[in-house]
Amino acid sequence: MPRNGIETLAALNASPRPDIAFLDIRMPGIDGLKLAALVPDVHVVFVTAYDEYAVDASDRAAVDYLLKPVTDERLLRCIAKLQRGGPPLVQTDALAQAAQARDAAPIRWLTVGVKDATRLVSVDDVLYFQASEKYTEVVTAGERLVIRTPLKELMQRLDPERFAQVHRGVIVAYAAIDRVERDLLGRLRIRVHGQRDMLPVSRAYAGLFRQM
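Every position in the sequence shown, counted from 1, becomes a number in this note's numbering once 9 is added.
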């Protein structure tokens, strides 16, 4: 069993070459999108816990995109698609460009797994992100959703002119900030438009509001 992207690539290049590969998105050495670009004649299905890559992987590159935990029904639909031959695969150059664009450009959409479906949520609608145990809450004006992407990685992919990390567990949209207050102990708290919750600001990020 391959333990990383490099070993997976070696296995895919072995003889006889497989027709189908089930890949994760994140793997040490080579990530799934870049690996798929190196084996354009292999039908790729991504099986991953990371829902935010569905637009890049499923729409542009892969035969299918399965979110863990995968239900039996969802897996059967994927197998049926593979038996039909799947959609035409994207050319290597296009897939490589998609991977590069993903790394360079701020994300505009979040893909959120809801039961057996995947929803697209515009980053423009997000008020803030908050770490919650093993998940990250995505808070909009009307709902709270959950993704698996850690805040550290999210911050690397969000537009820094629109979002700020204000606490190790909080990223907030600048446009969503109503006001910044100090509590009785002098700690900074952010009030978000239309939300009752007050978001904490840690000392490490207090410089963002130094004028207070």
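The beta carbon of each residue, even a glycine, is placed where N, CA and C say it ideally should be.
The alpha helix (DSSP H) enclosing residue i, as first and last residue numbers
| i | result |
| --- | --- |
| residue 84 | 81–92 |
| residue 165 | 160–166 |
| residue 15 | 14–21 |
| residue 44 | 41–47 |
Beta-bridge partners of residue i, as assigned by DSSP
| i | result |
| --- | --- |
| residue 176 | 179 |
| residue 141 | 144 |
| residue 74 | 55 |
| residue 154 | 147 |
Endpoints, the beta strand (DSSP E) within which residue i is located
| i | result |
| --- | --- |
| residue 129 | 126–131 |
| residue 34 | Element bounds for residue 34: n/a, residue is neither H nor E. |
| residue 2 | No statement about residue 2 is possible, as the shown extent of the chain runs from 10 to 221 and does not include it. |
| residue 10 | Segment: none, residue 10 is in no beta strand (DSSP E) and carries neither H nor E. |
| residue 190 | 186–191 |
Close-in-space but distant-in-sequence residues of the same chain around residue i (CB under 7 Å, 5 per side omitted)
| i | result |
| --- | --- |
| residue 31 | 54, 56 |
| residue 97 | Unreliable placement is indicated for residue 97, whose pLDDT of 46 sits below 50; the coordinate value is still reported in the next sentence. None. |
| residue 79 | 56 |
| residue 83 | 75, 125 |
Spatial neighbours of residue i in its chain, beta-carbon cut-off 8 Å, leaving aside the 5 residues before and after
| i | result |
| --- | --- |
| residue 2 | The question about residue 2 has no answer here: the residues shown for the chain are numbered 10 through 221. |
| residue 155 | 121, 141, 144, 145, 146, 147 |
Sequence-distant residues of the same chain with beta carbon closer than 6 Å to residue i, five excluded per side
| i | result |
| --- | --- |
| residue 175 | 181, 210, 214 |
| residue 101 | Only weak support is given to the placement of residue 101: the predicted model assigns it a pLDDT of 41, under 50, and the value that follows is read from those uncertain coordinates. Answer for residue 101: 46, 49, listed in chain order. |
| residue 128 | 121 |
Integer Cβ distance of residue i from residue j, believed to fall under 8 Å
| i | j | result |
| --- | --- | --- |
| residue 158 | residue 59 | 6 Å |
| residue 61 | residue 119 | 6 Å |
| residue 22 | residue 38 | The pair is not a contact, with the Cβ atoms about 14 Å apart (cut-off 8 Å). |
- Message: I want to know whether the segment 131–138 touches the segment 176–183 - three or more CB-CB distances under 8 Å.
- Response: Result yes; three or more Cβ-Cβ pairs closer than 8 Å.
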